[in-house]
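Enquirer:
Residue numbers (our numbering), protein chains in the order written: chain A, 1 to 168; chain B, 1 to 100.
Shown next, in the form of structure tokens:
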């Protein structure tokens, strides 16, 4: 058992634990905090997959920017804990059944995926997952989608201001 | 070397947890957080397949998913604020004007 497997196991267990804490926590603040730790543990898993740049983006954009927005809105709305305790309603049982069913179907499909990992060549080990490789791919092959995403972010920004403003 | 299918199992479990949260929780903000969980599960799948095939297209897809998630979060939270201002609640069971 080498260090990679130990790290993967630890990060996987911690990710699932904090993800379930997001769902089962009572106050939205603790949900948000559990979500931040989920993002950090997922960033660790991304590093194990040689995706260093995406891991950095995960910490910067998700754990940094998006979660600050979430916490800001939670504190702005001044939400308390939910009054209702853990009731076992019909919709919750149905939701749990649907989630478990989906997981079983996905696991059956994943078990059929050919489990061959391409070993990276020495040249690839130098470049795989680096900012330079991803940047070259984005600014040559995927330039039009990149510009579309920048337009999307502009529209989202203007739209958020228009929707959240009380009077214009 | 960890087999790729382990990463895929983890992503499937994370996606199902997020779906369970979306179906079960009544607080609109927590529902948004569960949507973020599902987007992260999709990202993990992209990165696992990118590692398996040894190309960086999966990384580019993950980058786009993160950008779209940022846009979705800003719009969604703006809508939550607008709804809270008019209804005084973020419980999605109270918001049923568009039902029927």
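C-beta atoms are modelled at their ideal positions from N, C-alpha and C, and glycine is treated no differently.
Output yes if chain A places a C-beta closer than 9 Å to the C-beta of residue 51 of chain B; else output no.
Expert: The count along the second chain starts at 1 and reaches residue 51 of chain B at position 51. By this cut-off, residue 51 of chain B is an interface position.
Enquirer: Along chain A, which residues have their Cβ under 8 Å away from the Cβ of residue 97 of chain B?
Expert: Walking along the second chain from the start, residue 97 of chain B turns up at place 97. Within 8 Å Cβ-Cβ: nothing; residue 97 of chain B doesn't reach chain A, min ~16 Å.
Enquirer: Do you know whose CA, among B/82, B/15, B/44, B/47, lies nearest residue 33 of chain B's CA?
Expert: Counting from one through the second chain, the residue named residue 33 of chain B turns up at place 33. Ranking the options by Cα distance to residue 33 of chain B, first place goes to B/15.
Enquirer: Quick check on this structure: which residue in B/59, B/3, B/93, B/13 has the alpha carbon closest to the alpha carbon of residue 41 of chain B?
Expert: Indexing the second chain from 1 puts residue 41 of chain B at position 41. Of the candidates B/59, B/3, B/93, B/13, the one whose C-alpha sits nearest the C-alpha of residue 41 of chain B is B/13.
Enquirer: Given this structure, state the Cα-to-Cα distance separating residue 32 of chain A from residue 61 of chain A, to the nearest angstrom.
Expert: As a working note, residue 32 of chain A is residue 32 in the first chain. As a working note, residue 61 of chain A is residue 61 in the first chain. Roughly 15 Å between the two C-alpha positions.
Enquirer: Mind pulling the alpha helix (DSSP H) runs of 4 or more residues that sit fully within the region 48-131 of chain A?
Expert: Entirely contained in the region 48-131 of chain A, the alpha helix (DSSP H) runs reaching 4 residues are, in chain order, 52-57, 67-77, 90-110, 122-127.
Enquirer: Around the Cβ of residue 51 of chain A, are there at least 16 other Cβ atoms within 10 angstroms (buried) or fewer (exposed)?
Expert: The residue labelled residue 51 of chain A in the question sits at position 51 within the first chain. Buried is the call here.
Enquirer: Would you report the Cα separation of residue 22 of chain B and residue 49 of chain B, rounded to the nearest angstrom?
Expert: What you label residue 22 of chain B is simply residue 22 of the second chain in a count that begins at 1. What you label residue 49 of chain B is simply residue 49 of the second chain in a count that begins at 1. Cα-Cα distance, rounded: 26 Å.
Enquirer: Tell me whether residue 40 of chain B sits in a helix, a strand or coil according to DSSP, three-state version.
Expert: In the second chain, counting from the first residue as 1, residue 40 of chain B sits at position 40. DSSP places residue 40 of chain B in helix when its eight states are reduced to three.
Enquirer: Among A/100, A/72, A/36, which has the Cα closest to the Cα of residue 20 of chain B?
Expert: Along the second chain, one-based indexing puts residue 20 of chain B at 20. Out of A/100, A/72, A/36, A/100 has the C-alpha closest to the C-alpha of residue 20 of chain B.
Enquirer: Would you be able to state if there are at least three C-beta pairs under 8 Å between the region 142-154 of chain A and the region 60-74 of chain B?
Expert: Judged by Cβ distances under 8 Å, the region 60-74 of chain B makes contact with the region 142-154 of chain A, as three or more pairs qualify.
Enquirer: Of the choices A/132, A/16, A/39, whose alpha-carbon is the least far from that of residue 58 of chain A?
Expert: Counting from 1 along the first chain, the entry for residue 58 of chain A is found at position 58. Out of A/132, A/16, A/39, A/39 has the C-alpha closest to the C-alpha of residue 58 of chain A.
Enquirer: For residue 49 of chain A and residue 98 of chain B, I'd like the C-alpha separation in whole angstroms.
Expert: To locate residue 49 of chain A, count along the first chain from 1; it is residue 49. To locate residue 98 of chain B, count along the second chain from 1; it is residue 98. Answer to the nearest angstrom: the Cα atoms are 44 Å apart.
Enquirer: Among A/34, A/133, A/28, which has the Cα closest to the Cα of residue 21 of chain A?
Expert: On the first chain, position 21 is the one that residue 21 of chain A refers to. With distances taken between Cα atoms, residue 21 of chain A lies closest to A/34.
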